Structures are given as structure tokens and as C-alpha cells.
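Shown next, in C-alpha cells, is the structure this report addresses.
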Amino acid sequence: MAQQGILLDQDQFCCSVCLDLLKEPVAIPCGHSYCRSCIEGCWDQDDLKGVYSCPQCRQTFTPRPDLRKNNMLAEVVEKLKKTGLQAAPPDLCYAGPGDVACDFCTGTRKQKALMSCLVCLVSSCKTHLQPHYSVPALKKHKLVKASTQLQENICSRHDELLKIYCRTDQNCICYLCMVDDHKGHDTVSAAAERTEKQSQLGMSQQKLQQRIQEREKELKELQHAVESLKHSAQATVEDSDRIFTELIHSIERRRSEVKELIRDQEKAQVSQADGLLEQLEQEIAELRRRNADLEQLSHTEDHIHFLQSYQSLSSPSVSSDLPSIVIHPQYFGDVNKAVSDVREKLEDVLKGEWTKISTTVNSVDVLLPPEPKTKERFLQYRGGNRWHTHSRVGDRYAGTDWQRQGVSDSCPLILDPNTAQKSLSLSEGNRKGEEGTGREGRKKITRSSRRTWEGLRRELTTNWERPSQIRTTSRTELSTD
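Everything in the sequence shown is counted per our numbering, starting at 5 for the first residue and increasing by one.
Printed below as a string of C-alpha cells:
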């Protein structure tokens, strides 16, 4: 263990130019240290340009910095030399699974590559990377962290380096492709396109963050709505139990049915909400994953890999429309009121009001469907029971183009006073019918006549498509059971 610590420290005190322990170590302004002779040899070749750079981080300096010996570092190096451990065993630098191997090393085991050259399209270990730090022509090459994606930078048709981006065809090309298949196209350098796409990437990330925040807000609202629904359902069940226990034995069966309706609706709504909760969590996780991929992509130094990966990562994901979330402190409040009213009535009255109770329970919603975007979808709400029994749905679409069009295209219903049901009191030019006040008028319309009214409602909805048709109703169609 002690020897491993010495080897680790010794590696930190090696010159990245000669790959040996530092000799007369000097530090340059960027903080890296080299042998005095090594760094002076590199900078002597840069005298003509007048710009000097660090062989490791490529930071440039003007004018040529003065070099001063680092006495403390020199003492540490001397102590390492006295240990007799001049270099670490070679097997410590061999490329393992997941590492990038040096393209110049020979034999069955290759050294681990440190850097990849985007011009030479090779990856090099410490030893074989030295020419890129010392040879003037190679010092101009672009070095990046060792990568296995260098072949993506080669044109499969011409075996040339991909340096150009065709905006017309949205792909990377070489200079031969530009003068051949892409002649006359809008082309720019890969670096220029990267710069533009980099700014677009930031906008994409902002949109993703906004969507994440919106979905997280909807997730919290839905969770709150579900909890409120459960509490309201539980409170309603308890009130229903209390009310129905005060009723006579003949309505015990109705009490059980009301409880079952509430539980079924609660189960159905909670089940639907649970599915949406899972969908929201999955979508948030996917958005976070894509955002992380975009963040990682924004830091890559490989322009070609960036451009080839950008299209798939930046394209907006398909997101299904989510229903609106209804938050109500007392979801089953109307049910409680309806049950309380029934408690004061006899069995024959309860039979007539049973439909009101069941439809009121069914009108409790945590989720509302998305706003209809077509005429057909609007008719589903206007023609269905929920349009009439759920005021929140009706209010949501009130005043919209579809609602106004439905009103303008509807057909008025005119009743014949000679054939209308006797219990009906007609008014407003026989266009409005109400139950009378006499004994005959107090008779409730049974399920049979309710089906007739439902047929009339469907007829009116159908006439929304055919406004020219007007239907009159005979006495037999509105007769009670």
C-alpha cells in the first residue's frame, strides 16, 4: 500500500514532455510544471510566432514568460529519485475494458490513450502523444480527451475528414462532397454550425425545464386533488351511513347502492389518476434524461458527434394531451345534499329521485378531458350526459366557438297543447313545458318517460347538424307509466 502511494505521487511529478521525473522543475503561469530544458525547447520553436502555449492545456502567453525554478518541487523530486522507483510498472497504464487504447502501441496489450487528435484521427498514449507537443506541424492539431468516436469524423464515401455542415441536407460532409453532391447548397464549417446549434441547445434546455416545471406543478395538483377526493369520498360515505341508518328498512337496499356508487366512482377516479400520475412521473424522468443528455452533449469537444447527436436529442418529444385537473374541497358535496333530501321522502319518492342520486355521484371528477379541438369532439360533450349533469364541463366550454355554433344551429322544439302530456304546463309559445301543480302534475315521470325525454334531447343534438328538421311530440310519447 505504501509503494502504491509512492507510485501515485511519483506520477504526479513527471514531465508531460519527456515523461520522466522533472529535472530542474519550473512552473509556467497556467500552473503546469515542466523540466526547464523541455519547456524551453518547446518555446524556442514558437519564437517566430511570438505566441507561447502550454503543451498540456494549450493556454497561450504573450510575451514569453520568465521561468523560475521551483525549489520545493525540486526537493520532492530528489527524494523520489532516492527511493529507486524511477517509473511505475507498465501494466498500470494498460488499457482496460471501457478504455481507449493507443493506436500506435503494438503487441497484445496496448497502453491507455490519453488524448485523441481530430486531424490525425488517432488516439495516443503519453509516449506517442509527445510528437503533438514537439513537432511544429502537429502542435496545430486539435487534441481532445481520448474518444472511441473518431470514425464518425470520416466521410464513408471519400474517406476524408468531415469538416463542413450542409444546412440544405442537414448533415456533415467533407470538402469533396461539397463540390460534388452538395454543390450549390448552403454550407458552413462544422465549427460555425456548432456555435449556432449550441445557442439553440440552450433554448431547448429552457423549454425542457419549463415543461418539467409545468408537469411537476400538475403532478402536485393531481396528488392534492386525489387526496381531497379520498377525504371527500370518505366523509360522504360516513354521512351516507349516518343518514341511511335513520331511514326505514325499506330503503336499506338504496343505502347500499349509494355507497357502492360512491366507492366505484372513487375507485375509478383514483385508478385513472394513478395511471396519469405514473405517466407524469415517467414523462418527467424522460425529460430529465433528455436534459442530462443535452447537458452532456453541450460540453463535448467533438463537433461532428455533437451535430450528429443533436437532431435526435433536440427534437421535441411527443407528449399526449393531459386532461384538466379538478380540485374541489368537497367532491361529493352534491351527493350528500341529494341523500339528505331523500331521507325526508317516502319509498315511492325515493324511486323517482334515484336517477338524480346516481348521476350526481357520477358527475364527481378529478380529471376533465382536454378541450375539444373539433366539432365532433364538442358534440360528445354537448350530447353526452356529462354536458348536462356536470356544470364544470359546461362552464368550461361556455362561450367558445363550438358552443356558440351549437346554439346558432340548434332547432327550437314546439309542443302541441292538444296532444301534450296532461301534467305539463306549457308556456313561452308552447316552447317550454313544466310539471303542473295539481295532483296529476305532481306525478313523477318514470324511467319510461325519461327515456322519451332522452330521445328528445338526442333529437335536438342531431338537429344541431340538421337545423331544418322540427319535431313535434304527441301525448303517447310523453305518457307516464
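All C-beta atoms in this analysis are idealised placements derived from N, C-alpha and C, irrespective of residue type, glycine included.
Here the structure is a predicted model, which is why all the values come from computation and not from measurement.
DSSP beta-bridge partners of residue i
i	result
Tyr335	The partner list for Tyr335 (beta bridge, DSSP) is empty, contrary to what the question assumes.
Glu438	Ser429
Val192	Tyr169
Ile158	Leu165
Ile329	Leu371
Val177	What sits at residue 177 in the sequence shown is Ile, not Val. Ile177 is bridged to Ile168.
Lys86	Lys86 pairs with nothing; no bridge assigned.
Lys116	Ala105
Cys97	Note: Cys97 sits in no beta bridge, so no partner.
Leu147	Cys121
For residue i, the three-state DSSP class (helix, strand or coil)
i	result
Val126	strand
Met207	helix
Leu311	helix
Val139	coil
Gly403	Low local confidence applies: a pLDDT of 49 at Gly403 is under 50, so the model's placement there is unreliable, and no value is given.
Leu464	Caution applies to Leu464, whose pLDDT of 38 falls short of 50 and renders its modelled position unreliable; the value that the coordinates give is listed next. Helix at Leu464.
Beta-carbon gap between residue i and residue j smaller than 8 angstroms
i	j	result
Asp107	Ser128	yes
Ser236	Ile331	no
Cys39	Cys19	yes
His136	Leu147	yes
Tyr169	Cys178	no
Lys73	Glu44	no
Ser244	Arg259	yes
Arg198	Phe310	yes
Leu280	Leu326	yes
Thr66	Ser57	no
Arg246	Ile288	no
Gln209	Asn295	yes
His162	Asp173	no
Cys97	Lys85	no
Val370	Gln273	yes
Leu71	Val21	no
Thr364	Ala342	yes
Glu164	Ile308	no
Pro140	Gln213	no
Val346	Glu357	yes
Val230	Ala277	yes
Supposed close pair residue i, residue j - CB separation, criterion 8 angstroms
i	j	result
Thr249	Asn340	Going by Cβ atoms, the distance from Thr249 to Asn340 rounds to 15 angstroms, so no, they are not a contact pair.
Met119	Lys149	7 angstroms
Leu77	Leu26	7 angstroms
Leu301	Leu291	15 angstroms between Cβ atoms; not a contact.
Ser328	Leu372	4 angstroms
Gln153	Asp306	6 angstroms
Ser193	Lys167	7 angstroms
Gln269	Asn366	6 angstroms
Trp47	Arg68	6 angstroms
The ligand HEM heavy atom lying under 7 angstroms from the CB of residue i
i	result
Arg68	For the structure depicted, the ligand HEM is absent and the ligand set is empty, with no information on it obtainable.
C-beta neighbour in chain D for residue i, strict 8 angstroms
i	result
Leu311	In the structure shown, chain D does not exist; there is a single protein chain.
Which ranges would you report for the alpha helix (DSSP H) in the stretch 20-79 if only whole runs of at least 4 residues count? For the stretch 20-79, whole alpha helix (DSSP H) runs of length 4 or above, ordered along the chain, are 40-48.
3-residue-minimum beta strand (DSSP E) runs that sit fully inside the stretch 221-267, ordered along the chain: Here no run is fully enclosed.
Whole alpha helix (DSSP H) elements within the stretch 267-295, 4-residue minimum: Qualifying alpha helix (DSSP H) stretches: none in this window.
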